[in-house]
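Participant: Here's a structure for you.
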Amino acid sequence: MHPIYGNHTNSKEDWLMIDFLRKNVWAAALLLALRLYVGYTWVSAGLHKMTGGGFDASGFLKGALAKASGENPIVQGWWASFLEHVAIPNAQLFSLMVQWGELLVGIGLIVGGLTRTAAFFGIVMNMSFLLSGSISANPIMIILTLFILVAYTNAGRFGVDQLLFRRLKLTRSHTPQSSTSTSV
Numbered sequence: 000m001h002p003i004y005g006n007h008t009n010s011k012e013d014w015l016m017i018d019f020l021r022k023n024v025w026a027a028a029l030l031l032a033l034r035l036y037v038g039y040t041w042v043s044a045g046l047h048k049m050t051g052g053g054f055d056a057s058g059f060l061k062g063a064l065a066k067a068s069g070e071n072p073i074v075q076g077w078w079a080s081f082l083e084h085v086a087i088p089n090a091q092l093f094s095l096m097v098q099w100g101e102l103l104v105g106i107g108l109i110v111g112g113l114t115r116t117a118a119f120f121g122i123v124m125n126m127s128f129l130l131s132g133s134i135s136a137n138p139i140m141i142i143l144t145l146f147i148l149v150a151y152t153n154a155g156r157f158g159v160d161q162l163l164f165r166r167l168k169l170t171r172s173h174t175p176q177s178s179t180s181t182s183v
């Protein structure tokens, strides 16, 4: 008997939700709606920064660093050290990375191209914002995007990924195999 879970064992029922997300066509349709929503959120944030008259992340970064001090800091010391020694000195580069990252993650999710990669980097950005003390929609975006990651290839079933995977499968099946036998 497990000390925490009692008589519970890993069974097929434990994986039903994951199987549903990874294999079911209806789940793929729900994931499409989720991708469109999260993708639109990212694209609109990226475009707003690009067209809003010169986005500069240095104010946000310095504000996050300030949240690491005081009686009840909300930014962890290790993250504040990263901000102080890496992000703030390179604020111009980070500003570009945020703008383009938001736009490209959004486009990837909307078209369903490199969906898992886009979702992963979306979570990286959301976690960075969250660690910097910006709560807003970041926890919700992380949770929604985790569904896309867990769904594996089904998240891109209705998108460019499906075409890419078919093409890769055809390419692999037509690649000549090297012979393992040696001639004497």
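In terms of numbering that gives the first Met the number 0, the sequence shown is residues 0 to 183.
Glycine included, C-beta positions come from ideal geometry on N, C-alpha and C.
Would you mind stating whether L102 and G45 have Cβ atoms separated by less than 8 angstroms?
Facilitator: On the sequence shown, residue 102 is found 103 positions in, with the first residue counted as 1. On the sequence shown, residue 45 is found 46 positions in, with the first residue counted as 1. Yes, the pair counts as a contact, with Cβ atoms nearer than the cut-off.
Participant: Mark H1 as exposed unless 16 or more other C-beta atoms lie within 10 angstroms of its C-beta, in which case mark it buried.
Facilitator: The residue given as residue 1 occupies position 2 in the sequence shown. At H1 the pLDDT is 49, less than 50, meaning the model places this residue with poor confidence; the figure from the coordinates comes in the next sentence. So H1 counts as exposed.
Participant: Can the beta-carbon of N153 be found less than 8 angstroms from the beta-carbon of A67?
Facilitator: For the purposes of this step, residue 153 is identified with residue 154 of the sequence shown, where counting begins at 1. For the purposes of this step, residue 67 is identified with residue 68 of the sequence shown, where counting begins at 1. Their beta carbons are not under 8 angstroms apart, which means N153 does not touch A67 by this criterion.
Participant: Hey, how far is the Cα of A63 from the Cα of L30?
Facilitator: Locating residue 63 in the sequence shown gives position 64, where the first residue counts as 1. Locating residue 30 in the sequence shown gives position 31, where the first residue counts as 1. For A63 and L30, the distance between alpha carbons rounds to 33 angstroms.
Participant: Using three-state DSSP, classify G45 as helix, strand or coil.
Facilitator: Here residue 45 corresponds to residue number 46 of the sequence shown, with the count starting at 1. Helix, per DSSP.
Participant: So the candidates are T40, G155, G100; which of them puts its Cα closest to the Cα of A136?
Facilitator: Translated into positions along the sequence shown, residue 136 becomes position 137. Nearest C-alpha to A136: T40.
Participant: Using the three-state DSSP reduction, which class does D55 fall into: helix, strand or coil?
Facilitator: Here residue 55 corresponds to residue number 56 of the sequence shown, with the count starting at 1. Of the three classes helix, strand and coil, the one that applies to D55 here is coil, per DSSP.
Participant: Give the secondary structure of R165 by DSSP, where H, G and I count as helix, E and B as strand, and everything else as coil.
Facilitator: Counted from its first residue, the sequence shown places residue 165 at position 166. Looking at R165 - three-state DSSP - the assignment turns out to be helix.
Participant: According to DSSP, is V74 helix, strand or coil?
Facilitator: As a first step, residue 74 must be located in the sequence shown, where it is residue number 75. It is coil, neither helix nor strand.
Participant: Could you tell me the alpha carbon to alpha carbon distance between G53 and V24, rounded to whole angstroms?
Facilitator: Within the sequence shown, residue 53 is the residue found at index 54, counting from 1. Within the sequence shown, residue 24 is the residue found at index 25, counting from 1. Near 43 angstroms, if we compare the C-alpha coordinates of V24 and G53.
Participant: Going by C-alpha to C-alpha distance, which of G100, A65, S80 sits closest to H47?
Facilitator: Position 48 of the sequence shown, counted from the first residue, corresponds to residue 47. With distances taken between Cα atoms, H47 lies closest to G100.
Participant: Alpha carbon to alpha carbon, how far is Y151 from R115? Give it in angstroms, no decimals.
Facilitator: Against the sequence shown, residue 115 aligns to sequence position 116. Against the sequence shown, residue 151 aligns to sequence position 152. Their backbone Cα atoms lie some 7 angstroms apart in a straight line.
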